[in-house]
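What follows is a short report on a single structure.
There are 2 protein chains.
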Amino acid sequence: MAKTKDINTENQILEAAKKVFQIKGMDGARMQEIADKAKINKAMLHYYYRSKQLLFEAVFKNAFALLAPQLNTILNDDSSIEEKVRNFTSNYISFIIKHPYLPSFIIQELNRNPEFILKLKEQKGFPNIAKFKKQVILEIEKGILKPIKGEQLFINILSLNIFPFVASPLIKAFANIDNKEFKQLMNDRKTEVANFIVNSIKT
Amino acid sequence: MAKTKDINTENQILEAAKKVFQIKGMDGARMQEIADKAKINKAMLHYYYRSKQLLFEAVFKNAFALLAPQLNTILNDDSSIEEKVRNFTSNYISFIIKHPYLPSFIIQELNRNPEFILKLKEQKGFPNIAKFKKQVILEIEKGILKPIKGEQLFINILSLNIFPFVASPLIKAFANIDNKEFKQLMNDRKTEVANFIVNSIKT
DNA sequence: ACATTTGTCAACCATTTGGTTAAACTAAAT
DNA sequence: ATTTAGTTTAACCAAATGGTTGACAAATGT
Chain A
1147 MAKTKDINTE
1157 NQILEAAKKV
1167 FQIKGMDGAR
1177 MQEIADKAKI
1187 NKAMLHYYYR
1197 SKQLLFEAVF
1207 KNAFALLAPQ
1217 LNTILNDDSS
1227 IEEKVRNFTS
1237 NYISFIIKHP
1247 YLPSFIIQEL
1257 NRNPEFILKL
1267 KEQKGFPNIA
1277 KFKKQVILEI
1287 EKGILKPIKG
1297 EQLFINILSL
1307 NIFPFVASPL
1317 IKAFANIDNK
1327 EFKQLMNDRK
1337 TEVANFIVNS
1347 IKT
Chain B
1147 MAKTKDINTE
1157 NQILEAAKKV
1167 FQIKGMDGAR
1177 MQEIADKAKI
1187 NKAMLHYYYR
1197 SKQLLFEAVF
1207 KNAFALLAPQ
1217 LNTILNDDSS
1227 IEEKVRNFTS
1237 NYISFIIKHP
1247 YLPSFIIQEL
1257 NRNPEFILKL
1267 KEQKGFPNIA
1277 KFKKQVILEI
1287 EKGILKPIKG
1297 EQLFINILSL
1307 NIFPFVASPL
1317 IKAFANIDNK
1327 EFKQLMNDRK
1337 TEVANFIVNS
1347 IKT
């Protein structure tokens, strides 16, 4: 048997599945399309992943595993809130420009099947807001920040960073801009968003 | 025939279709489920709307028509930017609490089929940012606002208001809160978000 | 009263879809 | 050379799906 070959095939499948699932979602994706894109027979999909559902879950977990560490930097590292905001905003927008379908994919599929997040929550490394909340309280006490609930600040940071990518067709239409101008706007946001946030919360 | 009855049926169908499409999306929705929910035969769906695609478009345009006027208030009315932000934030969040599936539905389907927005753009009443941009420039010149591009401010306003609802499963998981606490957070945001924005842009 | 149009339904149809099977192929181990 | 175990394929299948048909009922116009 060919140990080298099967790993290769398995990966081809996963790559193809990623592309198809992330663009079309679970419901819109077709096993045949994934097979074609991976240049293999449809039966191979089932040989390696047993069912559409399991293949999908492999893709989804993979995608989430890419996203989670990004969030954990802002939640768990030791720099000040302001530094975190500046770092996160810059890094995250660069990250998303490289993986444009990721956030809408994850959000869409979690809306379709909200219970699925329970499975993810069990895994270690799942982002948790607790430490961040404490830090916000501390910095408010120190007089560095204006009063704000940690949850609200965190929601604001996520919203400002992620939403424009999730809603890009809408934003392009409202602002009457093409892809190039949109990309420019998003690049500007690497510093723009951080300033916007810091402006609002710093004393 | 029953003129009263057919209008009734047509509406029953649209209401049922709304529910199913908004939760399951175009790909996940089933004509049979819509028929069942409307308590009619599946053939009736085609009698009134010819195809799944056309029924979907009816639902989508309907949904968008609900959303657009909300945006136009902030884009086109004559109050100051600060007043607009405060008004919009409060009204919009109330609105979304009443129609929780609307924003994710529209965003999801536009991502699936971005060309669709061209059809919407032609219709009058489609939100346009031009007037808002001019107003931002004017208030900056007057010294009321700190310098910011109108596009960025508008994106920020939308992000802060809409994203939490689109990504609610994620946010509930990260913040470790249940539906009740989430609703409370969103209610707080009616003023919280406006303050956050005004804090950041006012001189 | 009667023909015509409109509305409703059960049964049906063609196609697509996820999934299965059984046989063929490959390459390493004995 | 033969066995063994993993890999790949073409053909197939049952269920689901969007859509159609033809019969029939209810309302309308004349």
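Chain order of the listed sequences is A and B. Those letters in the first sequence? Residues 1147 to 1349, per our numbering, in order. Those letters in the second sequence? Residues 1147 to 1349, per our numbering, in order. Even glycine gets a Cβ: it sits at the ideal position worked out from N, Cα and C. Owing to the predicted nature of the structure, the values given are computational and were not obtained by experimental measurement.
Check                                                                                                                                                                                 : Outcome
Examine chain A for any beta-carbon lying closer than 8 angstroms to the beta-carbon of residue 1313 (chain B), and answer yes or no.                                                 : yes
Would you kindly report the start and end of the unbroken alpha helix (DSSP H) that includes residue 1324 (chain A)?                                                                  : It is not in any alpha helix (DSSP H) - residue 1324 (chain A) carries neither H nor E in the DSSP assignment.
Spell out the partners DSSP gives residue 1291 (chain A) in its beta bridges.                                                                                                         : A:1348
Please report the residue range of the alpha helix (DSSP H) in which residue 1247 (chain A) lies.                                                                                     : It is not in any alpha helix (DSSP H) - residue 1247 (chain A) carries neither H nor E in the DSSP assignment.
Taking only beta-carbon positions, decide if residue 1250 (chain B) is within less than 8 angstroms of chain A.                                                                       : yes
Where residue 1237 (chain B) and residue 1339 (chain B) are concerned, what is the direct C-alpha to C-alpha distance, given to the nearest angstrom?                                 : 12 angstroms
For residue 1342 (chain B), return the contacting residues in chain A, with the cut-off set at a CB-CB distance below 7 angstroms.                                                    : 1302, 1346
For the putative contact between residue 1168 (chain B) and residue 1251 (chain B), defined by C-beta atoms under 8 angstroms, what is the C-beta separation to the nearest angstrom? : 4 angstroms
Whole alpha helix (DSSP H) runs in the region 1149-1174 of chain A with 4 or more residues, listed along the chain?                                                                   : 1149-1174
Rank A:1227, A:1266, A:1257, A:1331 by C-alpha distance to the C-alpha of residue 1345 (chain A) and give the top, closest one.                                                       : A:1227
Compare the C-beta of residue 1321 (chain B) with all C-beta atoms of chain A and state if any pair is closer than 8 angstroms.                                                       : yes
Taking C-beta pairs closer than 8 angstroms, name the residues in chain A that residue 1267 (chain B) reaches, listed in chain order.                                                 : 1319
Determine the direct distance from the alpha carbon of residue 1241 (chain A) to that of residue 1205 (chain B), and round the result to whole angstroms.                             : 35 angstroms
Residues in the region 1157-1183 of chain B with C-beta within 9 angstroms of chain A's C-beta atoms, listed in sequence order?                                                       : 1169, 1170, 1171, 1172, 1173, 1174, 1175
Going by Cα to Cα distance, which pick from A:1341, A:1197, A:1347, A:1160 is closest to residue 1290 (chain A)?                                                                      : A:1347
Given this structure, state the Cα-to-Cα distance separating residue 1232 (chain B) from residue 1335 (chain A), to the nearest angstrom.                                             : 23 angstroms
Would you check if the region 1309-1325 of chain A and the region 1211-1226 of chain A touch, i.e. whether three or more CB-CB distances between them fall below 8 angstroms?         : no
Using only the alpha-carbon positions, how far apart do residue 1246 (chain A) and residue 1304 (chain A) sit?                                                                        : 16 angstroms
Which chain A residues sit within Cβ distance under 8 angstroms of residue 1258 (chain B)?                                                                                            : 1170, 1171, 1174
What's the C-alpha gap between residue 1264 (chain A) and residue 1176 (chain B)?                                                                                                     : 27 angstroms
Please tell me whether residue 1228 (chain A) has its Cβ less than 8 angstroms away from any Cβ of chain B.                                                                           : no
May I ask which residues mark the beginning and end of the alpha helix (DSSP H) holding residue 1189 (chain B)?                                                                       : 1188-1195
Whose C-alpha, out of A:1199, A:1255, A:1190, A:1311, is nearest the C-alpha of residue 1159 (chain A)?                                                                               : A:1190
Under a CB-based cut-off of 8 angstroms, is residue 1274 (chain B) close to chain A?                                                                                                  : yes
Helix, strand or coil for residue 1182 (chain B), going by three-state DSSP, please let me know.                                                                                      : helix
Express the C-alpha separation of residue 1192 (chain B) and residue 1341 (chain A) in angstroms, rounding to a whole number.                                                         : 53 angstroms
Helix, strand or coil for residue 1305 (chain A) per DSSP?                                                                                                                            : helix
Could you give the distance in angstroms between the alpha-carbon of residue 1147 (chain A) and the alpha-carbon of residue 1153 (chain A)?                                           : Bear in mind that the predicted position of residue 1147 (chain A) carries a pLDDT of just 41, short of 50, making it unreliable; the figure below should be weighed with that in mind. The alpha-carbon atoms of residue 1147 (chain A) and residue 1153 (chain A) are separated by roughly 12 angstroms.
Could you check whether residue 1331 (chain A) and residue 1297 (chain B) sit closer than 8 angstroms to each other, using their CB atoms as the reference points?                    : yes
Find the residues of chain B that neighbour residue 1253 (chain A), judging by a C-beta separation of less than 7 angstroms, and give them in chain order.                            : 1312, 1313, 1316
Using a Cβ-Cβ cutoff of less than 6 angstroms, which residues in the same chain neighbour residue 1201 (chain A) once the five nearest sequence positions on both sides are dropped?  : 1163, 1195
Hey, would you say residue 1310 (chain B) sits closer than 8 angstroms to residue 1317 (chain B), going by beta carbons?                                                              : yes
Which chain B residues are close to residue 1263 (chain A), counting only those with a beta carbon under 9 angstroms from its beta carbon?                                            : 1315, 1316, 1318, 1319
Between the beta-carbon of residue 1313 (chain A) and the beta-carbon of residue 1267 (chain B), is there less than 8 angstroms?                                                      : no
Could you tell me how far apart the beta carbons of residue 1343 (chain A) and residue 1306 (chain A) are, in whole angstroms, since I believe they sit closer than 8 angstroms?      : 7 angstroms
Which of helix, strand or coil does DSSP assign to residue 1147 (chain A)?                                                                                                            : With a pLDDT of 41 at residue 1147 (chain A), under the threshold of 50, the predicted position of this residue should be treated as unreliable, though the coordinate-derived value follows. Note: residue 1147 (chain A) maps to coil in three-state DSSP.
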